[in-house]
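In full-length UniProt numbering, the protein residues as written are 1 to 196. For glycine and all other residues, C-beta sits at the position ideal for the given N, C-alpha and C. Given the structure is predicted, the values throughout are model-derived calculations rather than measurements.
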Amino acid sequence: MNAIVGLCHFCEAHGPRPVFCTFTTDNEEHTTESSKCTVQCHGCTSLGPETVLVSKDDDGTIFCSRETVPNTDVTSFLRQAAIRSITCEVSWSKDGGVVYFSDTQGHVLSFTFQLRDTRARGLKRWFSIVVLMKDKMLLLNISPVLSEHMQKISKELQQLADVVYDNEQKICSQRALRLRTGRNDFGQSRSLVQLT
Numbered sequence: 001m002n003a004i005v006g007l008c009h010f011c012e013a014h015g016p017r018p019v020f021c022t023f024t025t026d027n028e029e030h031t032t033e034s035s036k037c038t039v040q041c042h043g044c045t046s047l048g049p050e051t052v053l054v055s056k057d058d059d060g061t062i063f064c065s066r067e068t069v070p071n072t073d074v075t076s077f078l079r080q081a082a083i084r085s086i087t088c089e090v091s092w093s094k095d096g097g098v099v100y101f102s103d104t105q106g107h108v109l110s111f112t113f114q115l116r117d118t119r120a121r122g123l124k125r126w127f128s129i130v131v132l133m134k135d136k137m138l139l140l141n142i143s144p145v146l147s148e149h150m151q152k153i154s155k156e157l158q159q160l161a162d163v164v165y166d167n168e169q170k171i172c173s174q175r176a177l178r179l180r181t182g183r184n185d186f187g188q189s190r191s192l193v194q195l196t
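The structure is reproduced here in structure tokens:
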């Protein structure tokens with residue numbers, strides 16, 4: 001796998017974790033086998049463990065998109081990238097990109113952003129898009145292009161989430177309800193599909 005692109009989120013119950021990833025492969029089994037990870041909660045799912053999206057490049061490269069990566073070492077690296085990208089390796093402005101390096105595991109470009117959610121603590125949920133690579137120089141050279149696309153994706157998701165948030169707030173203002181009742185039961189994290 002040359003590079004892995006992952007979408008990560010912060011789950012109230014399970015902490016930072018990847019919910020979706022895309023990687024290149026030459027192994028046809030990766031396109032048919034289901035994800036091995038057991039579903040934690042609605043917020044920790046995206047496509048479902050049985051769904052695998054596959055596309056092929058003109059040169060025969062297979063791009064596989066699914067909830068988890070089939071390699072346990074890479075899964076561990078992706079999970080570590082999710083933790084670091086959402087909790088400690090963040091931009092000073094909170095929303096933005098950061099590059100960090102690890103010669104043992106690989107190198108990461110991450111872009112952290114928030115989506116508004118009426119059921120979340122603080123009425124926002126943290127997400128990040130991460131790109132994992134072994135080749136440090138390649139990551140540095142293409143990071144401006146990747147960052148631009150990561151920012152576009154995050155803006156689009158934020159716009160979609162804002163529509164859902166505004167519609168839910170029209171029905172019942174969660175902030176006012178919480179202040180009036182003192183109720184702070186946030187429940188499980190909602191999936192990205194429910195937020196957008």
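Taking the C-alpha atoms as reference points, what is the distance between F77 and F111? Within the sequence shown, numbered from 1, the residue matching residue 77 stands at position 77. Within the sequence shown, numbered from 1, the residue matching residue 111 stands at position 111. Whole-angstrom Cα-Cα distance: 17 Å.
Cross-strand partners of Q114 (DSSP beta bridge): Start at 1 with the first residue of the sequence shown, and residue 114 comes out as number 114. Answer is W126, bridged to Q114.
Please name the residue, chosen from L53, F101, V19 and T104, that lies closest to S128 on a Cα-to-Cα basis. Within the sequence shown, numbered from 1, the residue matching residue 128 stands at position 128. The residue with the shortest Cα to Cα distance from S128 is V19.
Where S102 falls: helix, strand or coil (DSSP): Within the sequence shown, residue 102 is the residue found at index 102, counting from 1. S102: strand per DSSP, three-state reduction.
To the nearest angstrom, how far is it from the Cα of L139 to the Cα of C11? Here residue 139 refers to the residue found at position 139 when the sequence shown is read from its first residue. Here residue 11 refers to the residue found at position 11 when the sequence shown is read from its first residue. Using only the alpha carbons, I get a separation of about 28 Å.
Roughly how many angstroms lie between the CA atoms of M133 and A120, to the nearest whole one? For this step, residue 133 is matched to residue 133 along the sequence shown. For this step, residue 120 is matched to residue 120 along the sequence shown. Answer to the nearest angstrom: the Cα atoms are 32 Å apart.
Taking the straight line between their C-alpha atoms, what separation do you get for F113 and S102? Taking the sequence shown and counting its residues from 1, one reaches residue 113 at position 113. Taking the sequence shown and counting its residues from 1, one reaches residue 102 at position 102. Their backbone Cα atoms lie some 23 Å apart in a straight line.
Quick one: what's P16 bridged to in DSSP? Translated into positions along the sequence shown, residue 16 becomes position 16. P16 is bridged to F10.
Using a Cβ-Cβ cut-off of 6 Å (strictly less than) and excluding sequence neighbours within five positions of V5, which residues of its own chain qualify? Start at 1 with the first residue of the sequence shown, and residue 5 comes out as number 5. Closer than 6 Å at the Cβ level, and outside the excluded window around V5, lie T22 and V131.
Excluding the 5 residues preceding and the 5 following E148 in the sequence, name in chain order all residues of the same chain whose CB lies nearer than 6 Å to its CB. As a working mapping, residue 148 is identified with position 148 in the sequence shown. Taken in chain order, the list of residues that qualify is empty.
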